[in-house]
Amino acid sequence: MKTKTKIGLTLGLLSLLALGGLTQSKYVRNATIEMDVTSETDPGVFLANTTATGNSGAPWTTYTIPKTGYYALQLRGGDGGTNMSAIGGKGGVVEAVYYFVKDQQIRYTLGGPGGHYESGSQNQTGGGSSHAGGGKGGNGYGDDSSSKQGSGGGGSSAVELLANGTTLLVAGGGGGGAGHGYDSYIGGVGASNVVGVSDLSNYPNATGRLLAVSIAGRRTDASADKNGLSGSLGINEWGGGGSGGGFTASHAGGQSGGRIFGIKNRPAGAGTGGHSYVNPTGFVPLTNALKTIYVAKLPTSGPNAGDFMPYSNGTNTGGGAIKAGQFRIAYLWSDATADHTAIDNIYK
């Protein structure tokens, strides 16, 4: 937006006659000079959530940078699914500040939530993602086998530079809960770098990689992958949960669990949380101090918390409260100074 600012100036004596004494005086009082100052309105906060139904993730979507400057990026992975008391893990949250140039383009994909038991219907599908989807929950066995299926892991969310595909951020998905049974393990939480979080992955290391949160009951067999193990005849009745999608190779899905002739054997294992990633090139931490300065854009509490779900430090929810991935980008500041037009010489 271009604005014109009028500046009022009161000028004193401008000219005196030299030869022969004072013959003329010229005064200019309250002269008004117009100069143009280019001013751009700060872009609003952009928030994207997965709106697809089921376990689908949001496909790669392009976002064009509206103004040169520093932007806060906040990204959340999809939650792992929950099967009754077998609770899935929350998706990880990664945050960073990066410098972008006007009209530069980035793209993002958002992880879908893991399949879970809800309203009498079982869905063991892993959350979708165009970066890395979550693992599938293992099959149940025996009577009511569908309710013994493990839940799916959440899909990962990611942000890239469109021009060269450089990855900026990846938020790992949460691990899926195990099949419903006794002593079920809680799904692993996706890795995070949120300041102040008491977690194994509190900040990027030298390479920018963040470790996923592990969980007891994960698969230990040599062929372990991101899918949960399935139950089998008479011994393992409950399927394990799938792991969350992540930046690097997925962690293992959960082991199967059950009993032998009615005697407790082992609980079904949940999936681990997915790896996350923060690109260290140009990385500026989104500290609590910055969040306080820009609280109008990045509220961290209250009813207007930007609709962006903050990292919960391992607190898990299940059923209908399972969330898909989210992405928020907000312009914060710029180092550039305004350009002013030249003012014509008024001494005439």
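Numbering-wise, the sequence shown is residues -20 to -1, 1 to 328 according to mature numbering (1 follows the signal peptide of the UniProt record, and there is no 0).
We put the CB at the ideal spot given by N, CA and C, even for glycine.
Model, not experiment: these values are computed from the prediction.
Of the residues the options, the one placed nearest residue i, counting alpha carbons only
i	options	result
residue 107	169, 53, 34, 64	34
residue 43	89, 69, 67	89
residue 166	67, 190, 280, 46	67
residue 63	133, 51, 113	133
residue 289	248, 148, 52, 73	73
residue 221	141, 119, 123	119
residue 265	45, 312, 216, 141	312
residue 308	225, 154, 138	138
Residue i versus residue j - alpha carbon distance
i	j	result
residue 164	residue 23	47 Å
residue 274	residue 117	41 Å
residue 65	residue 276	38 Å
residue 358	residue 207	What the structure shows of the chain is the stretch from -20 to 328, and residue 358 is not part of that stretch, so it cannot be assessed.
residue 125	residue 169	26 Å
residue 310	residue 210	44 Å
residue 228	residue 80	26 Å
residue 174	residue 56	11 Å
residue 145	residue 281	34 Å
residue 297	residue 96	The pLDDT assigned to residue 297 is 47, lower than 50, so where the model puts this residue is not dependable, and the model offers no usable value.
residue 263	residue 76	6 Å
residue 149	residue 48	20 Å
residue 219	residue 52	40 Å
residue 113	residue 103	15 Å
residue 287	residue 271	15 Å
residue 251	residue 71	12 Å
residue 25	residue 197	41 Å
residue 213	residue 130	16 Å
Buried versus exposed, by CB contacts within 10 Å (16 or more), residue i
i	result
residue 268	exposed
residue 82	exposed
residue 259	buried
residue 333	With the chain running from -20 to 328 in the structure shown, residue 333 is simply not present.
residue 159	buried
residue 304	buried
residue 171	buried
residue 54	buried
residue 59	buried
Test: residue i CB closer than 8 Å to a CB of chain C
i	result
residue 263	The chain labelled as chain C is not found in the depicted structure, where only one protein chain is given.
Distance between beta carbons of residue j and residue i, contact taken as under 8 Å
i	j	result
residue 37	residue 94	The Cβ separation is near 11 Å, so there is no contact.
residue 256	residue 151	5 Å
residue 41	residue 28	7 Å
residue 136	residue 69	Residue 136 to residue 69, Cβ: 13 Å. No contact.
residue 254	residue 199	Residue 254 to residue 199, Cβ: 15 Å. No contact.
residue 249	residue 237	7 Å
Closer than 7 Å: residue i CB and nearest the ligand MG heavy atom
i	result
residue 289	With respect to the ligand MG, the structure offers nothing, as it holds no ligand at all.
Can you give, in chain order, each stretch of the alpha helix (DSSP H) that sits fully within the region 236 to 274 and has at least 4 residues? 268 to 273
Can you list, in chain order, the stretches of the beta strand (DSSP E) that have 3 or more residues and sit fully within the region 70 to 114? 73 to 80, 85 to 90
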